[in-house]
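In mature numbering (1 follows the signal peptide of the UniProt record, and there is no 0), the protein residues as written are -22 to -1, 1 to 365.
Note that CB positions come from ideal geometry on N, CA and C, so glycine has one too.
Only a predicted model underlies this, so the values are computations on that prediction, with no experimental measurement involved.
Written below as structure tokens is the structure these notes are about.
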Ligand SMILES: [Ca+2]
Ligand SMILES: [Ca+2]
Ligand SMILES: [Ca+2]
């Protein structure tokens, strides 16, 4: 034991610095002992020593005193032992037993908030009563980050696993750990909708949507159809009172138009995109618990104007509205024949096209001239339907 006492300062003090009379000892073992000079013999006068203990990240330092005998003085102004964590003073001790104004450590265990702890000893100009000083043990103890990280910005999003010297996070089935090693994201960019109507929502809706995710939902209809979006009234995307959607947002890209960003708790409602291809982009950041959104989409097709019925003619079918892909057959009253651009036809059909225009203007009905009509009917193809 005596040999240990002699050797310990040499073992522990592998880097000692003297600063204007105050000696600084750097310790970074996982455990060790600090004691007053000459311990267990009385400590010398006029000494100042500070032991700076540091352990790796992920650990705290536990310190307790085996022996304590320091000259008592009011508020420990003569001799003392002080314990610091960085610049914060955790305790000041002196005396042989605690009083109203001074404390001894007794069986108190001190724990550093972080991975550094300092113990400072000071004796003034006298030690006539030969106080024997102190001896303290320190050791590194694992921080249970899973229990201690209550701050949402640091805690694991789904599961936390503590281990000695650290911790790690993991995610529920179907999620992936983001590169921040903390939040859980989803793969959400492979949805392409080609049906003429449908519905989709933020992942987990109406439960809070995943963090740290960028999602793309694509609606891709054939030309001539236009997508209408209807956001559900239940709409909740993290927002900010002054800045426009700085955290999470949803955007709609339709042709050359970009709508949004949208966030907050007011649904954007109905959006007529006027496009057959629509991308919906949703971004979430690494915090917050918001419930998300739901979109129902439908398609309308391009509408063609109602054609003017040619005099002495008919349109079949006759409707108040015509949409993409619908046909009209034009016929004439008996005694009249269809004519367009100098040609005569038995039947004529026009089709509503993707751009909302008819495939051709309607022909006119011209009175038949009996001789010419016979020869022209015979010479004209019977089914010149245009598509
Ligand atoms: Ca003294
Ligand atoms: Ca740990
Ligand atoms: Ca958020």
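Open item on the list: Contact between the region 248 to 264 and the region 313 to 326 is defined here as three or more beta-carbon pairs at a separation below 8 Å; is this criterion met?
Closed with: By the Cβ criterion, the region 248 to 264 is not in contact with the region 313 to 326, since fewer than three pairs of Cβ atoms, one from each stretch, lie closer than 8 Å.
Task: Distance CB(residue 31)-CB(residue 68) smaller than 8 Å - done: No, the Cβ-Cβ distance between residue 31 and residue 68 is not below 8 Å.
Task: Any non-hydrogen atom of ligand 3 within 7 Å of residue 262 CB - done: Result yes, Cβ under 7 Å from ligand 3.
Task: Beta-carbon gap between residue 230 and residue 199 smaller than 8 Å - done: The Cβ atoms of residue 230 and residue 199 do not sit closer than 8 Å to each other.
Open item on the list: Suppose you measure from the CA of residue 181 to the CA of residue 165; what does that come to, to the nearest Å?
Closed with: In this model, residue 181 and residue 165 are separated by some 10 Å (Cα to Cα).
Task: Three-state secondary structure assigned by DSSP to residue 260 - done: In this structure, DSSP gives residue 260 an extended state, which the three-state scheme calls strand.
Open item on the list: Please determine whether the Cβ atom of residue 268 lies at a distance below 7 Å from any heavy atom of ligand 3.
Closed with: Yes - ligand 3 has a heavy atom lying nearer than 7 Å to the Cβ of residue 268.
Task: Own chain residues within Cβ distance below 7 Å of residue 313, not counting five before or after - done: Only 345 and 346 meet the Cβ criterion.
TODO: Whole angstroms is fine: what's the gap from residue 20's alpha carbon to residue 64's?
DONE: Distance between the alpha carbons of residue 20 and residue 64: 29 Å.
- [ ] State the Cα-Cα distance for the pair residue 91 and residue 38, rounded to the nearest angstrom.
- [x] Residue 38 has its alpha-carbon roughly 7 Å from the corresponding atom of residue 91.
Task: 3 or more residues per run - each beta strand (DSSP E) lying fully within the region 4 to 40 - done: If we require 3 residues or more, the beta strand (DSSP E) runs fully inside the region 4 to 40 come out as 9 to 13 and 25 to 32.
Open item on the list: Quick check: the region 173 to 187 against the region 270 to 282, are at least 3 beta-carbon pairs closer than 8 Å?
Closed with: Yes: at least three Cβ pairs fall under 8 Å.
Open item on the list: In this structure, how does DSSP classify residue 153 when only helix, strand and coil are distinguished?
Closed with: Coil, per DSSP.
Open item on the list: Would you say the beta carbon of residue 32 is closer than 7 Å to some non-hydrogen atom of ligand 3?
Closed with: Closer than 7 Å to some heavy atom of ligand 3: that does not describe the Cβ of residue 32.
Task: Sub-8 Å separation of residue 336 and residue 342 beta-carbons - done: Note that the C-beta distance between residue 336 and residue 342 is not below 8 Å.
Task: Extent of the continuous alpha helix (DSSP H) run through residue 124 - done: Its alpha helix (DSSP H) spans residues 123 to 126.
TODO: Starting from the C-beta of residue 76, find all residues in its chain whose C-beta is less than 8 Å away, skip the five residues before and the five after it, and write them out in chain order.
DONE: Close CB contacts of residue 76 within its chain, under the 8 Å cut and outside five residues either way in sequence, are with 82 and 84 (chain order).
Task: Proximity below 8 Å, CB of residue 61 to CB of residue 88 - done: In contact: residue 61 and residue 88 (Cβ atoms closer than 8 Å).
- [ ] Excluding the 5 residues preceding and the 5 following residue 238 in the sequence, name in chain order all residues of the same chain whose CB lies nearer than 7 Å to its CB.
- [x] Within the same chain, Cβ atoms closer than 7 Å to the Cβ of residue 238 are found at 227, 228, 229 and 230, the five residues on either side in sequence being excluded.
Open item on the list: Could you compute how far the alpha carbon of residue -18 sits from the alpha carbon of residue 100?
Closed with: Residue confidence is low: residue -18 scores 44 on pLDDT, short of 50, so the model does not pin down where it sits. No coordinate-derived value is stated.
TODO: Could you tell me whether any Cβ in chain C is nearer than 8 Å to the Cβ of residue 223?
DONE: Structure shown: chain C not included; a single protein chain is present.
TODO: Under the assumption that residue 253 contacts residue 232 (Cβ atoms under 8 Å), give the Cβ distance between them as a whole number of angstroms.
DONE: Your pair residue 253 and residue 232 checks out as a contact, with CB atoms roughly 4 Å apart and the cut at 8 Å.
Task: Backbone secondary structure at residue 134 - three-state DSSP - done: Coil, per DSSP.
- [ ] Answer with buried or exposed for residue 27, where buried requires no fewer than 16 other C-beta atoms within 10 angstroms of its C-beta.
- [x] Buried.
Task: Other residues of its chain near residue 351: CB distance less than 7 Å, five sequence neighbours each side excluded - done: Any reading at residue 351 is ruled out, since the residue's pLDDT is 46, under 50, leaving its predicted position unreliable.
Open item on the list: Any heavy atom of ligand 2 closer than 7 Å to the beta-carbon of residue 242?
Closed with: It does not: the Cβ of residue 242 is nowhere closer than 7 Å to a heavy atom of ligand 2.
Task: Per-residue DSSP class, three states only, for residue 145 - done: For residue 145, the three-state secondary structure derived from DSSP is strand.
Open item on the list: Which residues does DSSP list as the beta-bridge partners of residue 279?
Closed with: Looking at the DSSP assignment, residue 279 forms a beta bridge with 203.
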